[in-house]
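Protein chains in written order, with the numbering used here: chain A, 108 to 415; chain B, 108 to 415.
Read through the structure below, which is laid out as structure tokens, and then see the notes.
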């Protein structure tokens with residue numbers, strides 16, 4: 108799957124991923140009203156609204172992008188109905204041949220971690236059938252529990268030719284509380300980065316590993332260091348746009364081959380119609396605004412890489 | 108909710124929680140066959156089997172215990188259908204007046220963390236309705252992202268009178284890879300423990316905080332240290348039984364008031380009929396075996412506390 112991701116990034120000339128993190132506040136009134144008219148102001152109504160909203164954005168952008176990253180929290184927020192909308196979104200993106208990065212940030216141990224890995228990336232045995240439950244292509248994983256938490260994911264990735272992105276340095280202001288603390292003179296994120304390199308060495312694709320890393324756009328100097336520590340890890344970069352990261356900040360997240368990083372934008376794309384400069388689209392044409400925002404982001408990032 | 112948990116622990120004389128972590132391998136053949144006959148060897152069939160299995164255990168043990176801890180990974184493993192079984196289990200335990208600790212180990216930032224908090228502990232606004240999506244009483248939370256990840260949970264806990272258990276020192280063999288690393292001479296788990304004490308100080312129940320901690324049974328000396336660092340945090344203790352922890356190892360997890368810790372057992376209770384000493388029950392009476400195992404665990408732990 109890492110090979111497919113790299114190929115699609117090259118074909119689209121777009122090292123970007125659209126974060127499908129729908130909030131009801133982002134969704135145009137006409138979509139909400141239709142969904143609520145059909146299913147009531149209920150969890151089912153909310154789930155229908157986010158699914159229809161997603162569908163519009165996917166239809167308008169899928170030919171420009173290699174991948175999407177649905178953030179499962181935004182679906183779990185609406186309970187079982189929200190999880191159904193998550194699964195519908197995954198399936199629809201698969202139909203469009205997009206690579207799906209499930210932003211689930213799971214992390215547990217042993218057989219529990221294996222259950223997450225199977226549920227999201229693998230196949231579960233039920234009687235004589237093997238069934239893929241959620242069937243994302245990649246997921247994000249939390250490293251706090253150590254190798255016991257990561258190994259079961261790596262095992263499933265090898266079996267299914269899928270991948271993970273391990274949280275190394277997150278984009279939020281308080282990420283340093285633990286991640287930046289010095290251990291034998293090195294920040295914790297470097298120690299985790301070394302483990303990512305180690306975990307990834309046993310499951311390599313053609314040029315990059317099945318085990319990638321999450322490194323926030325908001326800490327460019329740290330991105331430069333981590334790029335060197337994990338040369339074979341694809342870096343998933345959140346924090347672009349709404350959280351403050353710019354294309355020019357991100358050049359050091361990429362390798363000399365122009366590859367090695369994929370930058371996420373969520374709000375900046377899916378709620379583009381609410382952003383300055385996109386007012387002309389209006390609510391009805393929210394998906395067209397998203398397409399325009401994808402083109403602008405692609406240009407910003409590709410320019411930065413070319414001018415590196 | 109922390110007050111309710113403490114009262115139920117005192118009333119039952121049982122500082123224990125039953126981990127509802129069903130695997131298909133644990134489920135007696137007659138339950139699986141009935142479920143598969145009704146719904147096929149499908150995700151729906153598997154979900155029906157785990158729900159019926161859980162129901163048997165809850166019916167047989169609910170009068171002896173204060174709380175249950177469903178591990179959501181074991182449900183997500185069966186996709187959307189599994190999540191439906193998770194919700195059914197939560198609702199049924201609520202009917203039985205059990206305190207429900209959702210073992211979800213979520214952790215993200217800002218509005219994403221808030222979405223998890225709302226989805227699992229709070230209420231979501233849909234049009235003019237406020238709806239509780241999963242409605243657990245407590246959830247487990249991963250601290251790797253720092254205060255930005257915890258604060259949204261604390262906010263919802265205050266609003267809804269609910270609680271969290273933050274992962275501090277987990278029970279698995281590799282938990283030390285990051286958690287034991289020394290920072291200014293102190294292991295990371297102590298630094299996280301100090302933050303738990305700090306986060307908890309702003310939302311106190313009568314004698315314990317809404318913010319508890321997860322500390323594995325397999326590291327009793329560390330449990331002793333963390334007990335002192337977080338005097339007001341309830342400690343959720345995994346790793347008893349199948350993972351090797353014994354009642355006598357756990358005395359230092361409790362405070363002088365005999366409170367302050369709640370010990371989880373999953374496999375040792377729910378798959379008791381497969382354990383040495385419980386063979387006489389057989390598959391058909393699996394739930395009676397679980398009841399017997401609860402009584403034995405209760406005795407082991409209460410003896411340890413009394414003889415402290």
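For glycine and all other residues, C-beta sits at the position ideal for the given N, C-alpha and C.
Review point. Using a C-beta to C-beta distance shorter than 8 Å, which residues of chain B count as neighbours of residue 304(A)?
Key: The residue given as residue 304(A) occupies position 197 in the first chain. Taking a Cβ-Cβ cut-off of 8 Å, residue 304(A) has no neighbours in chain B, whose nearest Cβ is about 14 Å from it.
Exercise for review: Run down chain B in chain order and give the residues with a C-beta less than 8 Å from the C-beta of residue 337(A).
Suggested key: Indexing the first chain from 1 puts residue 337(A) at position 230. The premise fails here: residue 337(A) is roughly 16 Å from chain B at the closest Cβ pair, so nothing lies under 8 Å.
Check your understanding: Expressed to the nearest angstrom, what Euclidean distance is found between the alpha-carbon atoms of residue 388(B) and residue 138(B)?
Key -> Start at 1 with the first residue of the second chain, and residue 388(B) comes out as number 281. Start at 1 with the first residue of the second chain, and residue 138(B) comes out as number 31. Rounded to whole angstroms, residue 388(B) to residue 138(B) spans 16 Å at the Cα level.
Practice item. Consider the Cβ of residue 265(B): report whether some Cβ of chain A lies at a distance smaller than 7 Å. Key: Mapped onto the second chain, residue 265(B) falls at position 158. Taking Cβ atoms only, chain A never reaches closer than 7 Å to residue 265(B), which makes this a no.
Exercise for review: Residues of the segment 264–284 of chain B with a CB closer than 8 Å to any CB of chain A: list them in chain order, please.
Suggested key: Per Cβ criterion, the list reads 274, 277, 278, 279, 280, 281, 282, 283, 284.
Exercise for review: Give me whichever residues DSSP pairs with residue 399(A) in a beta bridge.
Suggested key: Against the first chain, residue 399(A) aligns to sequence position 292. In DSSP, residue 399(A) forms no bridge with anything.
Point to revise | Which listed residue (189(A), 263(A), 199(A), 228(A)) has its alpha carbon closest to that of residue 227(B) | key: Translated into positions along the second chain, residue 227(B) becomes position 120. With respect to the C-alpha of residue 227(B), the residue from 189(A), 263(A), 199(A), 228(A) having the closest C-alpha is 189(A).
Practice item. Closer than 7 Å by beta-carbon distance: list the chain B residues that pair up with residue 216(A), in chain order. Key: By one-based count along the first chain, residue 216(A) stands at place 109. Ordered by position in chain B, the residues that pass the 7 Å Cβ test against residue 216(A) are 277, 279.
Practice item. Look at the alpha carbon of residue 131(B) and the alpha carbon of residue 215(A), and state the distance between them as a whole number of angstroms. Key: For this step, residue 131(B) is matched to residue 24 along the second chain. For this step, residue 215(A) is matched to residue 108 along the first chain. Those two C-alpha atoms are separated by around 19 Å.
Practice item. Return helix, strand or coil for residue 294(B), following the three-state DSSP convention. Key: Your numbering for residue 294(B) matches position 187 in the second chain. Looking at residue 294(B) - three-state DSSP - the assignment turns out to be strand.
Exercise for review: Determine the direct distance from the alpha carbon of residue 199(A) to that of residue 394(A), and round the result to whole angstroms.
Suggested key: As a working note, residue 394(A) is residue 287 in the first chain. As a working note, residue 199(A) is residue 92 in the first chain. Each residue's alpha carbon lies about 16 Å from the other.
Point to revise | Separation of residue 318(A) from residue 306(A), as counted between CA atoms | key: Counted from its first residue, the first chain places residue 306(A) at position 199. Counted from its first residue, the first chain places residue 318(A) at position 211. Between the C-alpha atoms of residue 306(A) and residue 318(A) there is a straight-line separation of about 7 Å.
Exercise for review: Would you decide whether residue 240(B) is buried or exposed? Buried here means 16 or more other CB atoms lie within 10 Å of its CB.
Suggested key: Numbered from 1 along the second chain, position 133 holds the residue referred to as residue 240(B). It is buried - the Cβ of residue 240(B) has at least 16 other Cβ atoms within 10 Å.
Check your understanding: In terms of residue numbering, what span does the beta strand (DSSP E) encompassing residue 371(A) cover?
Key -> For this step, residue 371(A) is matched to residue 264 along the first chain. Per DSSP, residue 371(A) belongs to the beta strand (DSSP E) from 368–372.
Check your understanding: Would DSSP call residue 414(B) helix, strand or coil?
Key -> The count along the second chain starts at 1 and reaches residue 414(B) at position 307. Coil at residue 414(B), not helix or strand.
Check your understanding: Between which two residues does the alpha helix (DSSP H) containing residue 232(A) stretch?
Key -> Looking up residue 232(A) in the first chain gives position 125. Unbroken run through residue 232(A) is the beta strand (DSSP E), 231–233; no alpha helix (DSSP H).
**Study point:** Spatial distance of residue 185(A) from residue 378(A) (CA atoms)
**Key:** Here residue 185(A) corresponds to residue number 78 of the first chain, with the count starting at 1. Here residue 378(A) corresponds to residue number 271 of the first chain, with the count starting at 1. Rounded to the nearest angstrom, the two C-alpha atoms are 19 Å apart.
Practice item. Would you list, in sequence order, the uninterrupted beta strand (DSSP E) runs of no fewer than 3 residues that lie entirely inside the segment 175–229 of chain B? Key: If we require 3 residues or more, the beta strand (DSSP E) runs fully inside the segment 175–229 of chain B come out as 206–213.
**Study point:** Residue from 121(A), 144(A), 270(A) whose Cα sits closest to the Cα of residue 309(A)
**Key:** As a position in the first chain, residue 309(A) is number 202, starting the count at 1. Selected option, being the one with the closest Cα: 270(A).
Review point. In terms of residue numbering, what span does the beta strand (DSSP E) encompassing residue 236(A) cover?
Key: Residue mapping note: residue 236(A) aligns to position 129 of the first chain, counting from 1. Where residue 236(A) is concerned, the enclosing beta strand (DSSP E) stretches over 236–238.
Point to revise | Nearest neighbour of residue 182(A), chosen from 115(A), 304(A), 126(A), 257(A) [CA to CA] | key: Looking up residue 182(A) in the first chain gives position 75. It is 126(A) whose Cα lies nearest to the Cα of residue 182(A).
Review point. Apart from the five residues on each side of it in sequence, which residues of its chain come closer than 7 Å, Cβ to Cβ, to residue 238(B)?
Key: Translated into the one-based positions of the second chain, residue 238(B) becomes position 131. When the five nearest sequence neighbours on each side are left out, the beta carbons in the same chain lying within less than 7 Å of the beta carbon of residue 238(B) are those of 230, 231, in order along the chain.
Review point. Could you check where the alpha helix (DSSP H) with residue 283(A) kicks off and where it finishes?
Key: Within the first chain, numbered from 1, the residue matching residue 283(A) stands at position 176. Start and end: 283–286.
Point to revise | Contacts of residue 298(B) in chain A (Cβ-Cβ under 8 Å) | key: Counting from one through the second chain, the residue named residue 298(B) turns up at place 191. Chain A residues near residue 298(B): 285, 288.
Review point. What residues in its chain sit with their C-beta under 8 Å from that of residue 117(B), if we drop five residues either side in the sequence?
Key: Sequence index remark: in the second chain, residue 117(B) carries index 10 (1-based). Same-chain partners within the cutoff: 366.
Review point. Is the beta carbon of residue 171(A) less than 7 Å from the beta carbon of residue 401(A)?
Key: Taking the first residue of the first chain as position 1, residue 171(A) is located at position 64. Taking the first residue of the first chain as position 1, residue 401(A) is located at position 294. Cβ distance < 7 Å, so residue 171(A) and residue 401(A) count as in contact.
**Study point:** Partner residues on chain A for residue 225(B), Cβ-Cβ distance less than 8 Å
**Key:** As a first step, residue 225(B) must be located in the second chain, where it is residue number 118. Result: 184.
Check your understanding: Contact check, residue 359(B) vs residue 327(B) under 8 Å by CB: the rounded distance?
Key -> On the second chain, position 252 is the one that residue 359(B) refers to. On the second chain, position 220 is the one that residue 327(B) refers to. So it is a contact: roughly 6 Å between Cβ atoms.
Point to revise | Any 3 or more C-beta pairs closer than 8 Å across the segment 278–292 of chain B and the segment 253–263 of chain A | key: Yes: the two stretches touch, three or more of their Cβ pairs being nearer than 8 Å.
Exercise for review: Determine, using beta carbons only, whether residue 371(A) comes closer than 7 Å to chain B.
Suggested key: Counted from its first residue, the first chain places residue 371(A) at position 264. Between residue 371(A) and chain B, the shortest Cβ-Cβ separation is not below 7 Å.
**Study point:** Nearest neighbour of residue 355(B), chosen from 325(B), 201(B), 315(B) [CA to CA]
**Key:** Within the second chain, residue 355(B) is the residue found at index 248, counting from 1. 325(B) is the residue among 325(B), 201(B), 315(B) whose C-alpha sits nearest the C-alpha of residue 355(B).
Practice item. Following the continuous beta strand (DSSP E) through residue 323(B), name the residue where it begins and the one where it ends. Key: Residue 323(B) sits at position 216 when you count from the first residue of the second chain. For residue 323(B), there is no enclosing beta strand (DSSP E), as DSSP marks it with neither H nor E.
Check your understanding: Exposed or buried, what is residue 404(A) when buried is set at 16 or more other beta-carbons lying within 10 Å of its beta-carbon?
Key -> The residue given as residue 404(A) occupies position 297 in the first chain. That one is buried.
**Study point:** Inter-residue Cα distance where the pair is residue 382(A) and residue 399(A)
**Key:** For this step, residue 382(A) is matched to residue 275 along the first chain. For this step, residue 399(A) is matched to residue 292 along the first chain. Approximately 12 Å between the Cα atoms of the pair.
Exercise for review: For residue 414(B), count neighbouring Cβ atoms within 10 angstroms of its own Cβ and tell me buried if that reaches 16, exposed if not.
Suggested key: Mapped onto the second chain, residue 414(B) falls at position 307. Result: exposed.
Check your understanding: Any beta-carbon of chain B closer than 7 Å to the one on residue 168(A)?
Key -> Your numbering for residue 168(A) matches position 61 in the first chain. Output row for residue 168(A): interface = no.
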